[in-house]
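Sequential numbering from 1 applies to the sequence shown in UniProt numbering.
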Amino acid sequence: MVHSSVRSLLTGRDLIVLSPLQTVFEAAGILSSQIIGGAPVLEGDQLVGIFTERDVLRRVVASDRDPKATRVGDVMTPRPRTIEAAAPLVKAFAMMCAGQFRHLPVMDGDGTVVAMLSMRDIPVEYRILHQQWSDWTKLDTYPSAAI
């Protein structure tokens, strides 16, 4: 199935959100039980950050912090880049590749978080083409069209 917009890819999914006051232990349990790698962090309806598996590894485990005593707000990624739900999917993918991140909060027109896009959500065809393009740009010459 071809998805032209971010919205078309994510329609019908439940939004899992975290609070900056939750402990990392609680948040990691939610991510694990929902089988997701990250979630937006909201204060009320306001996006204040995202919390991902990488935050757990780099900012908690590798820093020898106690996950039961550490708050999400202390280790989340603040002020994340976002994309509007109506934006082309290829734009979201390009942002994620250029920024080297795997999770992107999706906003509706009034600034409300409506979804979290994960690199795993991107159709495999996009990822294959991106990998091929990356490989080709490392070559001295481009592959011949005449095969």
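For glycine and all other residues, C-beta sits at the position ideal for the given N, C-alpha and C.
This structure is a prediction, so every number in the text was calculated from the model and none was measured.
Item                                                                                                                                                              : Value
Check I35 in the structure and name its three-state DSSP category.                                                                                                : coil
Which complete alpha helix (DSSP H) runs does the segment 44-82 hold, if anything under 4 residues is left out?                                                   : 72-75
Under three-state DSSP, which class holds S118?                                                                                                                   : strand
Candidates Q46, D64 and A62: which alpha carbon is nearest T82's?                                                                                                 : Q46
Are there 16 or more other CB atoms within 10 angstroms of the CB of D55, so buried, or fewer, so exposed?                                                        : buried
Tell me which residues share the same chain as T23 and place their Cβ nearer than 6 angstroms to its Cβ, disregarding the 5 neighbours each side in the sequence. : K68
Per DSSP, what kind of secondary structure is L9 in: helix, strand or coil?                                                                                       : helix
Taking the beta strand (DSSP E) that L104 belongs to, which residues open and close that run?                                                                     : H103 to M107
In whole angstroms, what is the alpha-carbon distance linking E26 and T77?                                                                                        : 17 angstroms
Residue range of the alpha helix (DSSP H) that V90 falls in?                                                                                                      : L89 to G99
Please state if the CB of F51 and the CB of V41 are separated by a distance shorter than 8 angstroms.                                                             : yes
So D121 and L9 are in contact, right, with Cβ under 8 angstroms, and what is the actual spacing, rounded?                                                         : 6 angstroms
Give the DSSP-derived three-state secondary structure of V17 in the structure shown.                                                                              : coil
For A28, which residues in the same chain have their Cβ closer than 7 angstroms to its Cβ, ignoring the five residues on either side in sequence?                 : V56 and P67
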